[in-house]
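**Q** Structure below; questions to follow.
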């Protein structure tokens with residue numbers, strides 16, 4: 018299994034705590050040995066869980082070999098996501114018929130590779146979308162507080178981070194005034210045909 022986070026810091030602050038929780042109730046005879054220098058959990062049956070940060074070319078160390086599952090956590094923060102998936106992780110699943118899982122929230126950058134992977138997964142029916150309301154560990158009061166602290170239901174942050182909406186950040190748009198609502202108002206309106214109307218098509 019390959020388990021990636023964007024940076025080595027996130028490997029230590031996100032992935033390793035997750036692994037610690039997973040292995041808490043693992044029987045001693047099955048518990049893996051963790052090699053800190055290699056970032057690898059070695060199991061007695063020969064299986065391995067390899068942790069890696071994807072930035073700075075560190076994901077390259079996962080090249081070669083084979084994997085049953087490869088997971089990229091916080092995929093929205095991986096700057097070279099498409100190359101990491103297709104050039105590094107995908108070849109490791111060829112002989113195992115393995116799977117690659119990308120997890121995270123929609124990125125702010127509308128051109129980020131993760132957007133394309135999300136859209137492709139939705140078309141294939143393999144997209145799993147979970148919002149803050151689906152978290153069984155949070156009470157309704159906690160969810161309400163988090164939403165309020167995040168700026169309310171209408172805020173870009175809450176819609177993206179808590180409800181996984183693919184939205185454009187107005188501060189990063191060329192024409193931020195062109196909202197979805199304005200697009201509908203323009204394109205779905207019956208405009209009167211002007212005098213001497215004609216139609217042209219062009220391609221560049």
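In my numbering, the protein residues as written are 18 to 221.
C-beta: ideal position from N, C-alpha, C; glycine also.
Does DSSP put residue 73 in a helix, in a strand, or in coil?
**A** One-based indexing of the chain shown puts residue 73 at position 56. Looking at residue 73 - three-state DSSP - the assignment turns out to be helix.
**Q** Beta carbon of residue 127, beta carbon of residue 93: below 8 Å?
**A** Walking along the chain shown from the start, residue 127 turns up at place 110. Walking along the chain shown from the start, residue 93 turns up at place 76. For residue 127 and residue 93, no; Cβs fall outside 8 Å.
**Q** Would DSSP call residue 60 helix, strand or coil?
**A** Counting from 1 along the chain shown, the entry for residue 60 is found at position 43. Of the three classes helix, strand and coil, the one that applies to residue 60 here is coil, per DSSP.
**Q** Just to confirm the assignment: which complete beta strand (DSSP E) runs, minimum length 3, are found wholly within the stretch 85 to 116?
**A** 86 to 89
**Q** Could you tell me the boundaries of the alpha helix (DSSP H) in which residue 21 lies?
**A** Your numbering for residue 21 matches position 4 in the chain shown. Taken as a continuous stretch (DSSP letters only), residue 21 belongs to no alpha helix (DSSP H), being part of the beta strand (DSSP E) at 19 to 22.
**Q** Going by DSSP, which residues form a beta bridge with residue 47?
**A** Locating residue 47 in the chain shown gives position 30, where the first residue counts as 1. Note: residue 47 sits in no beta bridge, so no partner.
**Q** For residue 39, write down the residues that DSSP places opposite it in a beta bridge.
**A** Taking the chain shown and counting its residues from 1, the one referred to as residue 39 is at position 22. Note: residue 39 is not bridge-paired with any residue in the DSSP secondary-structure output.
**Q** Taking only the alpha-carbon atoms, compute the straight-line gap between residue 141 and residue 74 and give it to the nearest angstrom.
**A** Along the chain shown, read from residue 1 onward, the residue named residue 141 stands at position 124. Along the chain shown, read from residue 1 onward, the residue named residue 74 stands at position 57. So the alpha carbons of these two residues sit roughly 30 Å apart.
**Q** Give me the Cα-Cα distance between residue 100 and residue 209, rounded to the nearest whole angstrom.
**A** Here residue 100 corresponds to residue number 83 of the chain shown, with the count starting at 1. Here residue 209 corresponds to residue number 192 of the chain shown, with the count starting at 1. In a straight line, the C-alpha of residue 100 is about 49 Å away from that of residue 209.
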